[in-house]
Amino acid sequence: MPGAYVALEGGHVVEARGRVPGTACGELVFTTAYTGYEESLTDPSYEEQVLTFSYPLIGNYGVREERFESDRVHPRAVVARELTDDVVEWLEAEGVPAVDHLDTRDLVGGIREQGAMKCGIAVGENATPEDALAELERCPGMSDHHDIGAQVSVHEREIHLGEDADDDTTVALVDCGAKGSIIDALVERGADVHVLPHDATEDDVEDVDPDVLFVSNGPGDPANFEAAQELVETYVGELPLAGICLGQQIIARALGGTTEKMDFGHRGVNQPVLDLESGRVVMTTQNHGYTVADPGELEVTQINVNDDTPEGLENDDLSVITRQYHPEANPGPHDTFDFFDDVLSMAPRKRLVIAD
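Per numbering that gives the first Met the number 0, the very first residue in the sequence shown carries number 0; after that it's consecutive.
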């Protein structure tokens, strides 16, 4: 096996076993999910990051394309205690460096104590610690990726027709790095989904004539998605607005709120969320490194049980509803599917159908 080195911010270098050769740099983060490695690796929200799996064995049920959330692997590199050959072959075909046989418990503990950090990775027969340190040296911070949306968004409009031919609800989804299962969840409920680029204009939205404007999840700092924020500012009060993950952050910023970077974020399928009105706690899938600090004109309706960060924001008067977690829940759990019903119920045409 080729040698492998992971250089951490601060200069410490960890030796590992190389599984897929190459060099890479990115923000080192971890996910606590036991399953769903295919969904995680194809989630656009991991763009420009190096993903560490805290679960010790990754790949024990193979690789199936129907589970993918997009058309490629998004992390710049992959770190695990043990990677199966199936996953290694997939990552090799994708050209994504990968390492294993290192103490991921220690690595995850370091991230929890010090926060998500820059890292550099070098894998290959002639790889050296200096190569990994050189990658670390050139690594920008997440907020320095000013056009990260262009790396993960569609470049022109895509249309996905709803499965219910009698439903005429139309959703304009601003693609800041949308997971495919978000589109699927709306389509399965009968909505026609028009996926727009991350830098879509008012004219692009007018061409769709939507019932709902939806801002997707995505990678990086919400402050760098200025076009999406401008759309929210333009249509708030005119169209119902919904958002997931990065979408919640963008909508909050557009409505007078602020966002901030978290120490190590929320990533996994076991994040508990408390609904403040009902008192119900649900388990959720999450993947984000930024959060809403001040909700502005929105009301906090749900919070994370572990750290009290906002997980749900709403404004009934303006017809706005957002979630920080992923209600589409791929790979699970399925506690929050009803979010999409709530979104579509805001559509004027949808209300008429329900009223009849």
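Here a beta-carbon is modelled for each residue, glycine too, at the ideal position from N, C-alpha and C.
None of the values given here were measured: they were computed from a predicted structure.
For Leu275, list the residues DSSP reports as bridge partners. Taking the first residue of the sequence shown as position 1, residue 275 is located at position 276. The partner list for Leu275 (beta bridge, DSSP) is empty, contrary to what the question assumes.
Less than 7 Å between C-beta atoms, sequence neighbours within five positions excluded: which residues of the same chain meet that for Ala131? Taking the first residue of the sequence shown as 1, we reach residue 131 at position 132. These residues qualify, in order along the chain: Tyr4, Val5, Ala6, Val12, Gly119, Ile120 and Ala121.
My assumption, with CB atoms under 8 Å, is that Val194 sits in contact with Gly161. Please give the rounded CB distance. As a working mapping, residue 194 is identified with position 195 in the sequence shown. As a working mapping, residue 161 is identified with position 162 in the sequence shown. Not confirmed; about 13 Å, so no contact.
Which ranges would you report for the alpha helix (DSSP H) in the segment 237-261 if only whole runs of at least 4 residues count? The segment 237-261 contains these whole alpha helix (DSSP H) runs: 245-253.
Would you report the Cα separation of Asp42 and Gln285, rounded to the nearest angstrom? Indexing the sequence shown from 1 puts residue 42 at position 43. Indexing the sequence shown from 1 puts residue 285 at position 286. Answer to the nearest angstrom: the Cα atoms are 11 Å apart.
Output the distance between the C-alpha atoms of Thr168 and Glu229, rounded to the nearest integer angstrom. As a first step, residue 168 is located in the sequence shown; it is residue number 169 there, counting from the start. As a first step, residue 229 is located in the sequence shown; it is residue number 230 there, counting from the start. Going by C-alpha positions, Thr168 is about 23 Å away from Glu229.
Excluding the 5 residues flanking Phe224 on each side, which residues of the same chain have their C-beta closer than 8 Å to its C-beta? As a working mapping, residue 224 is identified with position 225 in the sequence shown. Within its own chain, the residues whose Cβ lies closer than 8 Å to the Cβ of Phe224, once the five positions on either side in sequence are excluded, are Gly148, Cys175, His197, Gly217, Leu245 and Ile249, listed in chain order.
Indicate the three-state DSSP secondary structure (helix, strand or coil) for Gln113 in the structure shown. Counting from one through the sequence shown, the residue named residue 113 turns up at place 114. Secondary structure of Gln113 (DSSP, three-state): helix.
Reducing DSSP to helix, strand and coil, say where Glu129 ends up. Within the sequence shown, residue 129 is the residue found at index 130, counting from 1. For Glu129, the secondary structure class from DSSP, reduced to helix, strand or coil, is helix.
Residues that DSSP places opposite Pro332 in a beta bridge: Sequence index remark: in the sequence shown, residue 332 carries index 333 (1-based). Pro332 is not bridged to any residue.
Can you have a look at Asp355 and say buried or exposed, based on whether 16 or more other CB atoms are within 10 angstroms of its CB? Taking the first residue of the sequence shown as 1, we reach residue 355 at position 356. Low per-residue confidence applies at Asp355: pLDDT is 38, beneath 50, and the placement is therefore not dependable, though the value from the model is reported in the following sentence. Burial call: exposed.
Hey, Arg111 and Phe263: beta-carbon distance below 9 Å or not? In the sequence shown, counting from the first residue as 1, residue 111 sits at position 112. In the sequence shown, counting from the first residue as 1, residue 263 sits at position 264. The criterion of a C-beta distance shorter than 9 Å is satisfied by Arg111 and Phe263.
Per DSSP, which one or two residues make a beta bridge with Glu232? Counted from its first residue, the sequence shown places residue 232 at position 233. Beta-bridge analysis with DSSP links Glu232 to no other residue.
Terminal residues of the alpha helix (DSSP H) in which Gln150 lies: In the sequence shown, the residue the question calls residue 150 occupies position 151. For Gln150, the enclosing alpha helix (DSSP H) has its first and last residue at Gly148 to Val151.
State buried or exposed for Met345, treating a residue as buried only when at least 16 other CB atoms are found within 10 Å of its CB. As a first step, residue 345 must be located in the sequence shown, where it is residue number 346. Label assigned to Met345: buried.
Quick one: Cα of Glu64 to Cα of Pro332, how far? Here residue 64 is taken as the residue at index 65 of the sequence shown, counted from 1. Here residue 332 is taken as the residue at index 333 of the sequence shown, counted from 1. Between Glu64 and Pro332, the C-alpha separation is close to 20 Å.
Burial state of Val280 (16 or more Cβ within 10 Å): On the sequence shown, residue 280 is found 281 positions in, with the first residue counted as 1. Per the 10 Å Cβ criterion, exposed.
Quick one: what's Ile57 bridged to in DSSP? Looking up residue 57 in the sequence shown gives position 58. Ile57 pairs with Leu82.
Residue range of the alpha helix (DSSP H) that includes Phe339: If you number the sequence shown from 1, residue 339 lands on position 340. For Phe339, the enclosing alpha helix (DSSP H) stretches over residues Asp337 to Ser344.
Would you mind working out which of Glu134, Glu259 and Met282 sits nearest Thr22, comparing C-alpha positions? Along the sequence shown, one-based indexing puts residue 22 at 23. Minimum Cα distance to Thr22 is reached at Glu134.
Report yes or no: do the segment 294-307 and the segment 335-344 share at least 3 C-beta pairs separated by less than 8 Å? No, because fewer than three Cβ pairs between the segment 294-307 and the segment 335-344 fall closer than 8 Å, the two stretches do not touch.
Mind checking whether Asp334 and Gly311 have CB atoms under 9 Å apart? Position 335 of the sequence shown, counting from 1, holds the residue named residue 334. Position 312 of the sequence shown, counting from 1, holds the residue named residue 311. Cβ distance not < 9 Å, so Asp334 and Gly311 don't count as in contact.
Measure the beta-carbon distance from Thr51 to Leu106 and round it to whole angstroms, keeping in mind my assumption that it falls under 8 Å. Here residue 51 is taken as the residue at index 52 of the sequence shown, counted from 1. Here residue 106 is taken as the residue at index 107 of the sequence shown, counted from 1. Yes, they are in contact, since the Cβ atoms of Thr51 and Leu106 sit about 6 Å apart, within 8 Å.
Is it buried or exposed, Arg75, if we count other Cβ atoms within 10 angstroms and call 16 or more buried? For this step, residue 75 is matched to residue 76 along the sequence shown. Buried is the call here.
Can you tell me where the alpha helix (DSSP H) with Ala222 in it begins and where it stops? As a working note, residue 222 is residue 223 in the sequence shown. Ala222 -> no alpha helix (DSSP H), and no H or E assigned at all.
Would you report the Cα separation of Ile353 and Gln301, rounded to the nearest angstrom? Here residue 353 refers to the residue found at position 354 when the sequence shown is read from its first residue. Here residue 301 refers to the residue found at position 302 when the sequence shown is read from its first residue. Annotation note: pLDDT 42 at Ile353 (below 50); position unreliable, coordinate value reported separately. Per the coordinates, the alpha-carbon of Ile353 lies some 26 Å from the alpha-carbon of Gln301.
Quick check on Arg350: does DSSP put it in helix, strand or coil? The count along the sequence shown starts at 1 and reaches residue 350 at position 351. Note that Arg350 scores 42 on pLDDT, short of 50, meaning its location in the model is unreliable; the coordinates nonetheless yield the value given after this. DSSP, reduced to helix, strand and coil, places Arg350 within a helical segment of the structure shown.
Provide the residue span of the alpha helix (DSSP H) that contains Val207, from first to last. Against the sequence shown, residue 207 aligns to sequence position 208. Its alpha helix (DSSP H) spans residues Glu201 to Val207.
Please state whether the Cβ-Cβ distance between Glu296 and Gly242 is less than 9 Å. As a first step, residue 296 must be located in the sequence shown, where it is residue number 297. As a first step, residue 242 must be located in the sequence shown, where it is residue number 243. No.
Identity of the residue in Gly179, Glu237 and Glu88 nearest Glu201 by Cα: Translated into the one-based positions of the sequence shown, residue 201 becomes position 202. Nearest Cα to Glu201 within the set Gly179, Glu237 and Glu88: Glu237.
From this set, Leu343, Asn329 and Tyr289, which residue's C-alpha is nearest Ala115's C-alpha? Taking the sequence shown and counting its residues from 1, the one referred to as residue 115 is at position 116. Of the candidates Leu343, Asn329 and Tyr289, Tyr289 places its Cα closest to the Cα of Ala115.
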